[in-house]
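What follows is a single structure, written as structure tokens, with notes after it.
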Amino acid sequence: MAYKWTLAGVEQTQNFAERLAAFLQPGDLLALEGDLGAGKTTFTQGLARGLGVRNVVNSPTFTIIKEYQGRLPLYHMDVYRVGDDVDSLGLDDYFFGEGVCVVEWASLIEDVLPQERLTIFLRTAGDEQRLIELVPQGDRYVRLCEEIDFDARTGD
Amino acid sequence: MRVLAIDTSNLVLSVAVVEEERVLAETTTNQQKNHSVRMMDAISELLDATNTSPEELSGIGVAIGPGSYTGVRIGVASAKSIAWSLNLPVVGVSSLQAVAMNALGFADLIVPLFDARRGQVYTGCYASRGLDSLDMLEKERIILLQEWLPLLRDRAGGRSILFLGEDVRMHRQTIEQVLGEQALFASPAFNHPRAAHIGYLAMQRLQEGTDAHALVPEYLQLAEAEAKWLAQKQEGSVKE
């Protein structure tokens with residue numbers, strides 16, 4: 367079962383993420399994949415809004431990990447630059463913590479990621495359009511996708 | 003001689019002020035993990051409560067892990083800063099050994115254990131020497147619980163093995179499946195680390211006390227580079 371949507375632009379991408387956030391639970395892990403400019407940070411901003419985060423969310427490229435307080439804590443990570451040093455970050459504290467983890471470029475740290483997760487692929491299509499695909503691994507995330515899919519099809 | 007001892011390496015936040023013959027004060031919580039917010043207040047309160055000015059301290063003891071990376075760093079960084087600013091020796095103590103100290107005097111094997119996720123545990127094996135110190139029988143490590151338990155059974159011969167630590171609860175069933183009645187479980191008050199123990203372990207080693215800049219955490223995880231190097235070494239492709 368593939369979970370794919372075409373979104374018209376930044377605002378729709380954020381709205382989609384915001385709605386997805388409503389279904390998230392403590393300990394959930396979202397792996398974000400997409401080229402530069404595909405909308406990973408944009409997506410996370412929408413997600414943060416959905417989690418009730420009031421602070422401005424921007425790219426954690428240089429800080430690697432940023433924490434935000436919302437309905438659930440949001441841990442926003444960009445592991446593009448961590449290279450061989452991934453073990454020193456103590457990522458398990460986050461993966462097995464009380465909040466929601468969003469990991470940009472997650473495939474670069476495949477070895478240390480928990481097996482169960484939701485991978486979100488973002489691709490550009492045309493000027494503004496985004497293709498989004500959700501790939502669940504593990505029961506929790508299959509159920510999550512079903513909930514999101516049902517919500518998306520039935521609308522508000 | 004007064005020693006300030008700190009443990010923030012796991013869920014427990016514990017701070018103590020100890021003298022050679024007496025624990026002057028100790029505070030321990032085991033619920034909230036906002037150690038960065040609460041630790042300095044806890045230290046300040048204990049120093050006030052014991053009328054200890056920072057200049058009266060002779061050293062700092064701190065739990066250096068294993069545990070939560072963030073937790074370990076809060077404690078170690080703070081201990082180093084305090085030691086450096088007061089020009090005091092600082093001694094790092096294993097977070098596992100601190101818990102094992104709760105069973106001082108126990109006749110058989112003492113096994114402190116923290117969950118390390120993915121089926122792994124941080125653990126080691128100790129035996130009590132008299133009533134005041136521990137011998138390490140199996141060095142501390144991160145290991146799959148399923149590999150650790152048979153190893154302990156061999157090590158123990160017929161002796162009992164006392165498991166200590168807050169996370170033992172979640173693994174109790176597995177432990178009992180492998181070790182049966184050979185495994186013993188402590189009552190709740192023995193499972194959390196107490197900074198007072200860390201204070202005494204530190205006091206024993208204050209002479210060799212580390213310079214503040216030399217103290218480093220012990221995460222017990224191999225850095226990926228280290229792991230690769232060791233693997234290559236085993237294959238004989240790297241010369242020492």
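So the sequence lines, in the order shown, correspond to chains A and B. Read in order, the letters of the first sequence correspond to residues 367 to 522 in the numbering used here. Read in order, the letters of the second sequence correspond to residues 3 to 242 in the numbering used here. Note that the Cβ used here is the ideal one computed from N, Cα and C, for glycine as well.
Given residue i as reference, the closest of the options once Cα atoms are compared
i         : options                                    : result
Pro91(B)  : Ser83(B), Leu98(B), Glu28(B)               : Ser83(B)
Asn421(A) : Thr410(A), Ile430(A), Phe428(A), Thr427(A) : Thr410(A)
Gly456(A) : Asn104(B), Glu183(B), Gly73(B), Ala85(B)   : Gly73(B)
Glu142(B) : Val101(B), Ala109(B), Val14(B), Val19(B)   : Val101(B)
Arg161(B) : Pro68(B), Tyr128(B), Gln148(B), Lys35(B)   : Tyr128(B)
Asp117(B) : Ser189(B), Thr212(B), Arg174(B), His215(B) : Arg174(B)
Ala191(B) : Thr54(B), Arg24(B), Met103(B)              : Met103(B)
Leu166(B) : Gln148(B), Arg196(B), Val64(B), Met41(B)   : Arg196(B)
Gln391(A) : Tyr441(A), Thr520(A), Asp453(A), Leu474(A) : Tyr441(A)
Ala387(A) : Leu417(A), Gln495(A), Tyr434(A)            : Leu417(A)
Glu168(B) : Ala85(B), Thr125(B), His37(B)              : Thr125(B)
Val508(A) : Leu484(A), Arg519(A), Thr520(A)            : Leu484(A)
Leu153(B) : Glu210(B), Leu111(B), Lys35(B), Met41(B)   : Leu111(B)
CB of residue i within 8 Å of CB of residue j, strictly
i         : j         : result
Ala81(B)  : Ala51(B)  : no
Gln122(B) : Ile144(B) : yes
Leu396(A) : Cys467(A) : yes
Ala491(A) : Thr372(A) : yes
Arg447(A) : Ile431(A) : no
Leu217(B) : Val78(B)  : yes
Asp517(A) : Arg415(A) : no
Val419(A) : Gly403(A) : no
Leu208(B) : Ala188(B) : no
Ile486(A) : Phe389(A) : no
Val20(B)  : Gly61(B)  : no
Gly243(B) : Leu133(B) : Limits of chain B in this structure are 3 at one end and 242 at the other, which puts residue 243(B) out of reach.
Ala198(B) : Val25(B)  : yes
Ile200(B) : Ala7(B)   : yes
Ala374(A) : Gln495(A) : yes
Asp459(A) : Ser55(B)  : no
Buried versus exposed call for residue i [16 or more other C-beta atoms within 10 Å across all chains shown]
i         : result
Gly400(A) : buried
Thr176(B) : exposed
Leu232(B) : exposed
Met3(B)   : exposed
Glu57(B)  : exposed
His194(B) : buried
Pro114(B) : buried
Asp394(A) : buried
Glu23(B)  : exposed
Ser97(B)  : buried
Asp505(A) : exposed
Leu510(A) : buried
Gly182(B) : exposed
Glu184(B) : Before going further, note that residue 184(B) is Gln rather than Glu in the sequence given. Label assigned to Gln184(B): buried.
Leu245(B) : Residue coverage of chain B in this structure runs from 3 to 242, which leaves residue 245(B) outside it and unanswerable.
Glu242(B) : In this prediction, Glu242(B) has a pLDDT of 45, which is less than 50 and means its spatial position is unreliable; what the coordinates show is noted afterwards. With fewer than 16 Cβ atoms within 10 Å of its Cβ, Glu242(B) is classed as exposed.
Gln206(B) : exposed
Asn12(B)  : buried
Asp493(A) : exposed
Ala105(B) : buried
Gln236(B) : exposed
Arg519(A) : exposed
Ala85(B)  : buried
Gly405(A) : buried
Gly449(A) : exposed
Gly63(B)  : buried
For residue j and residue i, believed in contact at Cβ under 8 Å, the rounded distance
i         : j         : result
Val17(B)  : Thr29(B)  : 5 Å
Glu470(A) : Asp444(A) : 4 Å
Glu140(B) : Arg155(B) : That belief does not hold up - the Cβ atoms of Glu140(B) and Arg155(B) are roughly 12 Å apart, past 8 Å.
Glu482(A) : Gln503(A) : 6 Å
Leu562(A) : Gly465(A) : With chain A running from 367 to 522 in the structure shown, residue 562(A) is simply not present.
Thr427(A) : Thr408(A) : About 14 Å separates the two Cβ atoms, so there is no contact after all.
Leu222(B) : Val95(B)  : Not confirmed; about 14 Å, so no contact.
Ile76(B)  : Thr10(B)  : 5 Å
Lys370(A) : Leu497(A) : 7 Å
Arg119(B) : Phe382(A) : Between Phe382(A) and Arg119(B) the Cβ distance is about 31 Å, and since that is not below 8 Å, they are no contact.
Leu88(B)  : Val5(B)   : Wrong, their Cβ atoms sit about 12 Å apart, outside the cutoff.
Cβ-heavy atom distance, residue i to the ligand FMN, below 7 Å
i         : result
Leu474(A) : Ligands are entirely absent from the displayed structure, and the ligand FMN is therefore not among its contents.
Pick out the complete alpha helix (DSSP H) segments inside the region 428-464 of chain A, 4 residues or longer, and give them in chain order.
458-461
Taking only runs of the alpha helix (DSSP H) that begin and end inside the region 7-43 of chain B, which ones reach a length of at least 4 residues, in chain order?
none
Whole beta strand (DSSP E) elements within the region 67-135 of chain B, 3-residue minimum
92-95, 111-117, 122-131
Alpha helix (DSSP H) segments (min. 4 residues) lying fully within the region 141-196 of chain B:
147-158, 170-181
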